[in-house]
Structures are given as C-alpha cells and as structure tokens.
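S.K.: FYI, the numbering for the sequence shown is -24 to -1, 1 to 724, going by mature numbering (1 follows the signal peptide of the UniProt record, and there is no 0). Ideal Cβ placement from N, Cα and C applies to all residues, glycine included. Here it is, the structure, as structure tokens.
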Amino acid sequence: MVFNFIICTPNLTCLIHIIQTATALIFTPHQEFLKQGEPTSARCDELESLKKRGCDKIENPHGSQRILKNKAVTNRKKGAEKLRPEDITQIQPQKLSLNLRSGEPQNIKLRFKRAEDYPIDLYYLMDLSYSMKDDLENVKNLGTSLMKEMSKITSDFRIGFGSFVEKTVMPYISTTPAKLLNPCTGDQNCTSPFSYKNVLKLTSNGQQFNSLVGQQQISGNLDSPEGGFDAIMQVAVCGVSGIVLPNDGKCHLENNMYTMSHYYDYPSIAHLVQKLSENNIQTIFAVTEEFQPVYKELKNLIPKSAVGTLSANSSNVINLIVDAYNSLSSEVILENSKLPEGVTITYQSRCKNGVVNEGENGRKCSNISIGDEVSFNINITAQGCPKQGKPESIKIKPLGFTEEVEILLNFICECECHKHGIKNSDMCHNGNGTFECGACRCNKGRVGRQCECRKDEVSTEDLDKNCRKDNGTDICSNNGECVCGTCECKKRDNPEERYSGKFCECDNFNCDRSNNKLCGGHGRCECRVCICDANYTGSACDCSLDTSTCLASNKQICNGRGNCECGTCRCTDPKFQGPTCEICPTCPGVCTEHKECVQCRAFGTGEKKDTCERDCSYFNLIKVKDRDKLPQPVQAFPLMHCKERDANDCWFYYTYAVNNTEKEVHVVDALECPAGPDIIPIVAGVVTGIVLIGLALLLIWKLLMIIHDRREFAKFEKEKMNAKWDTGENPIYKSAVTTVINPKYEGK
C-alpha cells in the first residue's frame, strides 16, 4: 500500500545574477619591455616577476561583485494581511553580478529565514489498486480534517487529489475485454484500470475534496509494483503540482488522464529527482510497515523526501502528513544549476547555535524553526576563460522552494589596454595588424613580431638562415622557432624561466648556483651569466663584500688575527678560530671558562644549574663512556683537554673545540670520585686493636705482679733466714683442742 504526498511550495522565483570574470595573467603594456627573441606572451607574468624585470606599467585586474536585487527577507506573522506567494522572500540577496578572474575566488553570503505562515500546497496521490480498498474509506473525509490540522501551521493551504493504478498494457494488467471493464474477481465491482488520473486540482475547499474522493472506486492490476513513478512524474510536470521508450519528462494529460502510459517506460529515479527539483516539490511516502525498507532506500536517493509508517487502514494519515511536513520544512538544502566549464563552487553553512559545516554538509542546515535565520558563505572560482568568452549564469535555490538566487558570471579574459588597440597601425608593418598593449596582433595571414611576413613565407630556407648563429648550429639554438626570419623563443613550464637572445642562445636559469639558489639569491641570471647585486661578487654571487659580519667584539676585522673573505673570516693565527677569530680553544683559562656550563649540562650540578638553559646553550654537548673515547687533537682544528673538580672533590674530564663555527664539548659521562672508607675492616681493626691492647695490658700487669711477688718472696726468705726464733711457750697461748669424756663410757 502506497500513498504519495507531494508538497509544492509556490514561492516566487528570485533570480540572482552573478557576473564572473575570467582572468588574464598580469600584463605589461610597455612596448620596449621584451628582450630580443622573447615571445609576445612573455608580457604576461606574475606580478613580482614583472616588477623585478623593471616594468612600471602593469595591468592587474581583479574580480568584483555587485548586488542587483536585494529584497529583505519577509517578517510575516500568522494572521497578518495575506500575501501573494511571489511577495514572500526567504532568501537574500536574489540577484548578483560577479566578475571572475581565473583562480581568484569570489565570496558571496546568502541569508535564509524561514517565514511564518508560509503557503503550503499538498497534492494527495493515492494508489487505487485493489490492495487499498480498506484505506479509501478513511481517506474520503480527509479533506476537511487535514484542512483543520494544517490551519495550525499556515492560513494559506490548498489540497489536491490524484490516483493511479498501473500501465494499461500487458503484463501489468489483464487486457481481456471483461477484465478491462472490471479487473476485480468475484462479485467485486471495480472501475476500469488506468495509469494516472488527476481528480482534483489544488483547491482550498476541503468539502470539494471529500466529495470527489468519495466518488472514487478501487481498480485492479496483475503486476505488484504499482505505477507510482509515472503518476509522480505527471504531477510534477503538469502543473497540478512492450514499452521501451524512456519517459520524456513531459505532461501527457488529456481530460485529467495520463494517456501515454502504454507508450513511455517508467521514469528513472534520477529523472524523477530532476523534475521534482525543477518544480520545487517535496515528496512524502506513506507506506505500511512491510514496505518501509524499500522506501527508506528510495528516500536516500530523492532529496527533500520523507517516509512515514502508515497504519493498516490509513487512520493515522493526518498525523503522518503533519509530522513529515514539519521534518522536511525544518531543513534547508541549497542546490545549484549546472556550472559552466572551468567554474567551481564551494559551500559553508552557519546554522543554529554557531554550528559551521563545510564540504557537502556546507549546503544544508537542519532543525530550523519558524523565524530562525541561517547563512551560507559561497565561493565561486573560475579556472580559466570559457571557449566562447560569453557571460554565463547559474542559479542557487533551496530545495523544495521556488525562490532562486541568480548569479551572472562575467569572465575577465583581457586587460583594459586591449580596448584601446589601434587597428591597422603603422607600427605593425604598414598596417598589417592591430597595435594593442604594446604589441602587434597580426591580421589573418600575417605573422612576425611586427606582422612583417605572410604565413606562406615562414618556412623558407632563406628566412631560416637568419635564425642560425652560424652554419653549424641549430635553428634558434634549438630553443625556439624561426618565424619570418626572426627567432621566437620557446616558453618554459616555469614562468620564471625564459629563453632570449637573437638566436635564443641565452637563458635566465642556467647560471651558477650557491646554496641551491640561482646566483646565490643575490643577483639575476642574464644570458647564463650572473649579474650580482651591490656588495656581492663571484660567478654565483656568493661572495659578499660586506665586512660587517667579520667585525669582532673589539671592532677589529677578524679580531686582527685574520682576513675577511666573502663576508667570512679566514684566521691567519692557527690558535684562533670562529666566525671572527676570537675563539682560542687552547689558550690558558679555556677549561675554567667553560667548567660551570659543562658541569650543569652534563651532570645537572654546579653554580649555573638553575640558569643552565639560558646561559649554557652555546655549544653542542656529546657524552662518551670513558676517557679513551674523548677526541684527540687534529691539525684541522685545535682542541683542549680539560680536567676539573666539582664541590664534592669529584673529577670530570672533557674536551673543548671549535669546528668551523660549531663549538663542541665531549665529556665523559661518569664522574671520577675518591673511594670512601670500608667500614667493616675499620670496625674489625678497631675491635681487634682494642682486644690486643687489652690482652697486652693484662700480660704486662701479670708480668709486673709476678715480678713484684717474686721480689716480696725473696725478701721474705731473706728475712726468714736472718731471724732468731725463741722456743718458749707463749703465756697467752691456748690450745685449740678441747677433750670431753662421756661419763657413761665404760671403755667398752
């Protein structure tokens, strides 16, 4: 089951004319500008190149734009005075004129504001094949209900109705006479099949819609894909808002019936999209759930279309239409007509909430409510002049709206001086050409710089002799063509490079180079020889005569120890080097001078560790593993070996040298610090010492005690021998023995 709703917005078509100008190259009208052998086309060149060659009369046209129609967007409120559709404006400006120079984009800004109470035309296109029998009853009262619902959106609403079944030939329908009268089976009474029929043109009368729709009858067909595309095409092009011939995209309605369905094939999707866009029609497909996947794919191919899910009996059709319309009208998509050859266009949109889109997304803005304003920045660029050289025009419009912006494109293909040419001028060999922009434009059949020869004389041998430097050389040194006995040199792909000379023997790109620059960047190449700028000399202009770069800090040239050659010091004293012969790597004090910077950069210590990055970035630091890896002095440049000690009594080793202008420091990455005491042996030694000392003291004490005892004993013995003893009993002596007898002891 398929409903096709086509919403037409009858906006006024607003044209914007853009004049785009195709560009010519920057041109000099100087008559004496060209060198011998240079072609006339050498007058066209880049601006800086012409100035460099001494040209002071330069024509350099630029593109421009002019707004031709700039009607303000409509600020209309619902219920206000009714306006004609052509009086409502949603896009501004409406017409412009652009002058386009090749390669120079012109930027235009378009404003779009969604107008309130905007007119809406809705054409209801219904499938009347037998599968839609139940749905037809619900549609019969659609007119008044839909008018009431749409009045909430706009006060200017019209509705129309059309129906379709299928092509009236085999195999789409049965062509038997009985089936042509009543294609339905059984006792079903159906109308004869038809392809498309316009039942009601657009009207604001909802009752008329109900009346005419109520008179419609169901028909039938054999082929399941109904001929909806045929119907949509006729609606689009007719102003109602085996078959092998392709559809011609034209209106074929007679008495509101499509009469060529048996003759033309169904229109292709691309053809349908084209006609829908041309007629500003937005399509809503109302289909049941089972057909959703197919029509969603179709929606992706038809811009500004929507798909809604229709209930089995079409009871939700009004809500579906309103929701789909709100969705479609809240999005604006710009499209442009076919561009002229060599013209390109890019879009950038500035939408709600500051959202900026570019590329293909730059053509559209979404979620636009009534009264919202968005803008588009559009760049239009010409890449050359059109073959006809005539003005062109393009149109830009929002899809689904009749309003357009017309842009007239004019192309700048000639300089202003061409307008003041002197025809048949005596300066062009007795009037054989037009003298314009400092050169001759020869009449038909004439050639040469002054149009002095006929074309049939150009290749004669006598004339060719004048183009050879001598008998053994090529014509025009093989760098040009002999035209009328005069060499016209070839053009190079690089506009900066050119041949010149009577025999094209000279050029401006084969001179000596320095630093990969022609003439060192300090001169110009003329006939393969460098003409140096002031203060430069040499075959490649690479030798500067300026001595300011050789001044040392003491204001002496090369510190009085060398000569300034080509802006660079050549030191005569082998001890000194550097750009001004002020650096002496082997002089006393060099190691001390650089000690702090080497220490902070290599080890992160020293007095300058906090200012290291600022004060010590003047040399390149290279770390090595040990002293054997340090570089050794060579004859090419002096080198100083240094050994310094830090605050922790650690030694570090490095070399300092100046290689040309580069200062290099190689440093051993490990400090050499004195070894610390071994605690265990010390403790063991102390303990052992204490024990040994204690033992020694004990031995000495024992020895002294033995000696003392022996002396005392000897003295005792001596006194004993000398003493005289008395043998009498001591009167106070009492025996220590006491004897007691038991009285009861009987001696047994």
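(1) Leaving out five residues on either side along the sequence, give the residues of the same chain with a beta carbon under 7 Å from the beta carbon of residue 546.
(2) Inspect the beta-carbon positions of residue 90 and residue 347 and report whether they are closer than 9 Å.
(3) Alpha carbon to alpha carbon, how far is residue 639 from residue 458? Give it in angstroms, no decimals.
(4) Look up residue -15 in the DSSP assignment and say whether it is helix, strand or coil.
(5) So what does DSSP say about residue 60, is it helix, strand or coil?
(6) What's the gap between the Cα of residue 101 and the Cα of residue 212?
(7) Please name the residue, chosen from 518, 553, 519, that lies closest to residue 535 on a Cα-to-Cα basis.
(8) Quick check on the DSSP output: what are the complete alpha helix (DSSP H) runs of length 4 or more inside the segment 649 to 681, in order along the chain?
(9) Buried or exposed: where does residue 146 fall if 16 or more other Cβ atoms within 10 Å of its Cβ makes it buried?
(10) Are the CB atoms of residue 243 and residue 209 nearer to each other than 9 Å?
(11) Express the C-alpha separation of residue 512 and residue 464 in angstroms, rounding to a whole number.
(12) Given that a residue counts as buried once 16 or more other Cβ atoms are within 10 Å of its Cβ, and exposed if not, what is residue 586?
(13) To the nearest angstrom, report how far apart residue 340 and residue 471 are at their CA atoms.
(14) What number of angstroms, rounded off, separates the C-alpha of residue 664 from the C-alpha of residue 656?
(15) Examine the Cβ distances between the segment 127 to 137 and the segment 375 to 391 and report whether three or more of them are shorter than 8 Å.
(16) Beta-carbon separation of residue 750 and residue 206 under 9 Å?
(17) Report, in whole angstroms, the separation of the C-beta atoms of residue 185 and residue 149, which I expect to be a contact under 8 Å.
(18) From this set, 556, 684, 359, which residue's C-alpha is nearest residue 525's C-alpha?
(19) Taking only the alpha-carbon atoms, compute the straight-line gap between residue 492 and residue 518 and give it to the nearest angstrom.
(20) Residue 195 to residue 234, Cα distance in whole Å?
(21) Going along the chain, which residues of its own chain have a beta-carbon closer than 8 Å to the beta-carbon of residue 596, five neighbours each way excluded?
(22) Out of 484, 543, 197, 516, which has the shortest C-alpha to C-alpha gap to residue 527?
(23) Just to confirm, are residue 726 and residue 342 a CB contact at a threshold of 9 Å?
(24) Could you tell me whether the Cβ atoms of residue 358 and residue 384 are closer together than 9 Å?
(25) Report yes or no: do three or more beta-carbon pairs, one from the segment 251 to 268 and one from the segment 291 to 305, lie closer than 8 Å?
(26) Return the chain-ordered ranges of every alpha helix (DSSP H) run that is complete within the segment 546 to 596 and spans a minimum of 4 residues.
(27) Go through its chain and collect everything with a Cβ distance to residue 218's Cβ below 7 Å, but skip five positions before and after it.
(28) Take residue 351 and list the residues in its own chain whose beta-carbon comes closer than 8 Å to its own, dropping the five residues that flank it on each side.
(29) Does the Cβ of residue -4 have 16 or more other Cβ atoms within 10 Å, making it buried, or fewer, making it exposed?
(30) Select from 32, 179, 400, 475 the residue whose C-alpha is nearest the C-alpha of residue 120.
(31) Using a 10 Å radius around the Cβ and a threshold of 16 neighbouring Cβ atoms, would you call residue 78 buried or exposed?
(32) Can you say whether residue 399 is buried or exposed, counting buried as having 16 or more other CB atoms within 10 angstroms of its CB?
(33) State the start and end residues of the unbroken alpha helix (DSSP H) segment that holds residue 126.
(34) Leaving aside the five residues before and after residue 507 along the sequence, list all residues of the same chain whose C-beta is less than 7 Å from its C-beta, in chain order.
(35) In whole angstroms, what is the alpha-carbon distance linking residue 270 and residue 281?
(36) Assign residue 23 to buried or exposed, taking buried as 16 or more other Cβ atoms, counted over all protein chains shown, within 10 Å of its Cβ.
M.R.: Taking the geometry as given:
(1) 538, 539
(2) yes
(3) 60 Å
(4) At residue -15, the pLDDT of 30 sits below 50, so the modelled position is not reliable; the number obtained from the coordinates is stated separately. DSSP places residue -15 in coil when its eight states are reduced to three.
(5) coil
(6) 12 Å
(7) 553
(8) none
(9) exposed
(10) yes
(11) 33 Å
(12) exposed
(13) 41 Å
(14) 12 Å
(15) no
(16) Nothing about residue 750 can be reported from this structure: the residues present for the chain run from -24 to 724 only.
(17) Contact doesn't hold; Cβ gap of about 28 Å is too wide.
(18) 556
(19) 11 Å
(20) 16 Å
(21) 638, 639, 640, 641
(22) 543
(23) Outside the shown range of the chain, which is -24 to 724, sits residue 726, and nothing can be said about it.
(24) no
(25) yes
(26) 566 to 579, 588 to 591
(27) Any reading at residue 218 must be qualified, since the residue scores a pLDDT of 36, below 50, and its modelled position is unreliable; no value is offered.
(28) 85, 86, 87, 88, 325, 326
(29) With a pLDDT of only 29 at residue -4, under 50, the local geometry of the prediction cannot be trusted, and the value read off the model is given with reservation. So residue -4 counts as buried.
(30) 179
(31) buried
(32) exposed
(33) 118 to 126
(34) 499, 500
(35) 14 Å
(36) exposed
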